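In the working numbering, the protein residues as written are 79 to 333. Only one structure is covered here, and it is reproduced in the block below.
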Amino acid sequence: MSRGLVVTVLIVTAFLIYYAIMSIMAPGKKFKELENEIRSGLTTTSQIDERFINDSLYIGLLREKAFLQSRILMAGTDSISLTLNLADSLAQLEIAGVVVKTTDIEGIRMSKMLHQGNDFIITSLLSSPLNITGDRATIKKEPLMVKMAPKDTSEYKPDIMPDTSAYEAVSYILETDKGIRIYVTQSEKAKKGYGKELAWFDLKYRLGNSWEALKSAAQLKVPEYHPFIKIKLPRTDAKVIYRAIPTKGQITVYI
Numbered sequence: 079m080s081r082g083l084v085v086t087v088l089i090v091t092a093f094l095i096y097y098a099i100m101s102i103m104a105p106g107k108k109f110k111e112l113e114n115e116i117r118s119g120l121t122t123t124s125q126i127d128e129r130f131i132n133d134s135l136y137i138g139l140l141r142e143k144a145f146l147q148s149r150i151l152m153a154g155t156d157s158i159s160l161t162l163n164l165a166d167s168l169a170q171l172e173i174a175g176v177v178v179k180t181t182d183i184e185g186i187r188m189s190k191m192l193h194q195g196n197d198f199i200i201t202s203l204l205s206s207p208l209n210i211t212g213d214r215a216t217i218k219k220e221p222l223m224v225k226m227a228p229k230d231t232s233e234y235k236p237d238i239m240p241d242t243s244a245y246e247a248v249s250y251i252l253e254t255d256k257g258i259r260i261y262v263t264q265s266e267k268a269k270k271g272y273g274k275e276l277a278w279f280d281l282k283y284r285l286g287n288s289w290e291a292l293k294s295a296a297q298l299k300v301p302e303y304h305p306f307i308k309i310k311l312p313r314t315d316a317k318v319i320y321r322a323i324p325t326k327g328q329i330t331v332y333i
């Protein structure tokens, strides 16, 4: 092996080790940022008594309070909002606090930070709605079918092109202002010809995240970490929810 090749291999190996270390540091950095932000906004009356920090009953009541508080804030808007009750595996569409659709969540995964981190910090984080800042999806937000009206009935022709929305694969990602990403994927196996679409959608997003992380590492910065919640819903319900919530809608999460 030539000396130049050895040097190249060593440099690449060193960078990969450095990148791995920076990636491991990312969740801790994100949690520290959240903790500082939340604690700086606490008043004297809202400070938690450290004696209760490990009391499961107290933490449970705190979560219930945060959940109701977030839903009340959402109810103040006149648009459709989304509630994810992960404890009961339910996804609900609401308008002004009234539930208009309920769907069973058939699979849940989330960042370790969200379900094993400091209960008080996470509960405080979720005590107000997550505001959607952007999204990516395999389906259109509002599908449009443009048809030319016939001059008379003799010119009428039935649709030739099938409506692919009836069986297209459904997967989308909702970005939020608190850095939490909501991943929603259909629970059913994709129909023939659409499985690759789901795989490609996931791969593109992963590659994009990896590229951003590599750029941060190259600039000697800890990559940005986004806590995630991944859920699986029946395909039809997942599509209805995506198209129902506004582009800048709100989400309440109960863990």
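We treat Cβ as the ideally placed atom computed from N, Cα and C, and that holds for glycine. These figures come from a predicted structure and were not determined experimentally.
Inset, instruction - Consult DSSP for D213 and reduce its assignment to one of helix, strand or coil. - result: Here residue 213 corresponds to residue number 135 of the sequence shown, with the count starting at 1. Looking at D213 - three-state DSSP - the assignment turns out to be strand.
Inset, instruction - Could you tell me if the beta carbon of T180 falls within a distance shorter than 7 angstroms of some heavy atom in the ligand COA? - result: For the structure depicted, the ligand COA is absent and the ligand set is empty, with no information on it obtainable.
Legend entry - Pair within 8 angstroms by beta-carbon distance, L252 and I199: Locating residue 252 in the sequence shown gives position 174, counting from the first residue. Locating residue 199 in the sequence shown gives position 121, counting from the first residue. Cβ atoms of L252 and I199: not closer than 8 angstroms.
Legend entry - DSSP state of L311 mapped onto helix, strand, coil: As a working mapping, residue 311 is identified with position 233 in the sequence shown. DSSP places L311 in strand when its eight states are reduced to three.
Legend entry - Beta-carbon contacts of Q256 that lie in its chain and below 7 angstroms, excluding the five residues immediately before and after: In the sequence shown, residue 256 corresponds to position 178, counting from 1. According to the sequence shown, residue 256 is Lys rather than Gln. If we look at K256 and ignore the five residues flanking it on each side, its Cβ neighbours are L203, L208.
Inset, instruction - Per DSSP, which residues does V52 bridge with? Please list them. - result: Here the chain has residues from 79 to 333 only, and residue 52 is not among them.
Legend entry - Sequence-distant residues of its chain with Cβ nearer than 6 angstroms to A247 (five each side left out): To locate residue 247, count along the sequence shown from 1; it is residue 169. T216, A268, Y272, E275, L276.
Legend entry - Segment contact flag, the region 138 to 152 with the region 286 to 301, C-beta cutoff 8 angstroms, min 3 pairs: no
Inset, instruction - Using three-state DSSP, classify E253 as helix, strand or coil. - result: Position 175 of the sequence shown holds residue 253. In the structure shown, E253 sits in a strand (DSSP, three-state: E or B).
Legend entry - Exposed unless 16 or more other CB atoms sit within 10 angstroms - verdict on E290: As a working note, residue 290 is residue 212 in the sequence shown. Exposed.
Legend entry - Status (buried if at least 16 other CB within 10 Å, exposed otherwise) for L160: The residue given as residue 160 occupies position 82 in the sequence shown. The Cβ neighbour count for L160, taken over all protein chains shown within 10 Å, is at least 16; the residue is labelled buried.
Legend entry - Among G195, R259, D156, Y320, nearest to N287 - alpha-carbon criterion: On the sequence shown, position 209 is the one that residue 287 refers to. N287 has its Cα closest to that of R259, out of G195, R259, D156, Y320.
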